[in-house]
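Inspection log for the structure reproduced underneath, given as structure tokens.
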Amino acid sequence: MTGPLALLDSASLYFRSFYALPDSMTAPDGTPVNAVRGFTDTLARILTDRRPSRLVACLDADWRPKFRTDLLPSYKAHRVAEIGDGGTDVEEVPDTLTPQVPIILDVLAAFGFATAEAAGYEADDVIGVLATREQVDAVEVITGDRDLFQLVRTEPTPASVVYVGKGWAKAEELGPAEIAERYGVPVDHAGPAYADMAALRGDPSDGLPGVAGIGEKTAAKLITQFGSLAELVAAASSGDSRVPLKTRLRLADAADYLAVAPTVVRVAVDAPVTQSGPDAVPAAPADPDRIAQLAERWNLGRSVERLLAALPGA
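570 is the number of the first residue of the sequence shown in my numbering; add one for each residue after it.
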């Protein structure tokens with residue numbers, strides 16, 4: 570019996586590590602390495618606690634994809650720090666986090682963990698592709714981002730989210746039953762229903778305005794009643810008496826937003842994913858000498874030791 574396929578929302582995990590640990594954790598040259606050490610420790614905990622047989626660290630090739638901003642210019646607009654070369658948006662990232670990301674990628678490569686990305690797409694899309702494609706092992710999406718609740722399912726292979734929004738010590742495993750109970754959506758299609766509810770409700774942290782006057786509970790109730798956002802909008806447009814007049818007027822006022830919101834909110838399961846190598850969890854490190862060099866240069870000793878000890882062949 571094999572363990573699950575673990576899909577890591579890498580940016581979510583290293584951002585959380587960065588803010589959870591003090592920047593007094595530094596390399597000999599003074600470079601902060603709190604995100605590196607926190608991410609490495611989290612990876613060790615994933616191997617120890619979840620025991621995946623396969624693992625892919627999923628990356629953002631584009632944190633604010635053009636196909637989403639063309640439809641909804643407000644999407645993550647509040648996070649844009651500047652317009653870079655070629656007109657690309659540069660995300661507002663703490664100055665002391667930016668230099669740590671290449672170190673994290675070096676650690677992943679030296680250990681032999683697979684990474685994956687898709688040009689023009691976010692890590693969420695990469696995770697969506699790999700989760701949807703999986704036909705063998707159960708899938709565990711490890712993230713601090715609620716957007717990925719839309720991927721939970723029971724068939725053809727179970728997919729759940731290990732949600733670490735409150736830290737690894739308070740990690741929650743959420744499948745269709747848990748999402749249905751928490752948000753009041755139908756258990757038989759909890760993932761898609763969550764995505765529809767999220768589009769209707771909106772999310773200021775992602776620049777999604779939602780429909781004015783419709784909060785989370787009302788959104789969940791409407792999606793449950795009509796089965797999907799598309800069916801709700803169709804019913805409201807036809808004057809269906811099951812949709813209260815006030816709600817019909819609110820939906821009509823938000824018609825332009827509702828026409829594009831599903832595409833913006835849902836992960837793109839057709840993203841052209843490329844993967845660095847096999848996704849089997851390495852029994853032993855791919856490049857022990859490189860790991861030793863990284864540990865010494867960046868003062869990663871204890872974190873690297875914990876990850877080495879967590880490997881299946883340790």
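Positions of the beta carbon are idealized from the N, C-alpha and C atoms, including for glycine.
Residue nearest to P755 within the set E865, A789, A580 is A789 (criterion: CA-CA distance). Pairing I711 with L577 gives a Cβ-Cβ distance under 8 Å. In the DSSP assignment, the residues bridged to E741 are Y732. Under a 10 Å Cβ-count criterion, T611 is classified as buried, with 16 or more other Cβ atoms of the shown protein chains found around its own Cβ. For E724, there is no enclosing beta strand (DSSP E), as DSSP gives it neither H nor E. Just so you know, the alpha carbons of R866 and S593 end up roughly 16 Å apart. Secondary structure at P857: helix, using DSSP grouped into helix, strand and coil. S806 counts as exposed, since fewer than 16 other beta carbons sit within 10 angstroms of its beta carbon.
Under the criterion of beta carbons closer than 8 Å, A768 and D822 do not qualify as touching, at roughly 15 Å.
Exposure of D825 is indicated by the presence of fewer than 16 other C-beta atoms within 10 angstroms of its C-beta. With distances taken between CA atoms, P621 lies nearest to P573 out of T595, P813, P573. Non-local C-beta neighbours of A683 in its own chain, meaning closer than 6 Å and more than five positions away in sequence, comprise V625, Q844, S845, G846, D848, ordered along the chain. Between A762 and I783, the CB-CB gap reaches or exceeds 8 Å. Between the beta-carbon of S872 and that of R614 there is about 11 Å, and that puts the pair past the 8 Å contact cut. The Cβ atoms of A837 and Y690 lie closer than 8 Å to each other. C-alpha of R715 to C-alpha of G776: approximately 15 Å in a straight line. Residue state for E703 is assigned as coil, using DSSP reduced to three classes.
It is roughly 41 Å from the alpha-carbon of M766 to the alpha-carbon of A852. Q862 and I672 have their alpha carbons spaced roughly 12 Å apart.
Rounded to whole angstroms, the separation of the alpha carbons of D664 and P854 is 30 Å. Residue range 603-614 is occupied by the alpha helix (DSSP H) that includes D610. Around the Cβ of T609, a 10 Å sphere holds 16 or more other Cβ atoms; the residue is buried.
A direct Cα-to-Cα measurement between Y752 and T600 gives close to 42 Å.
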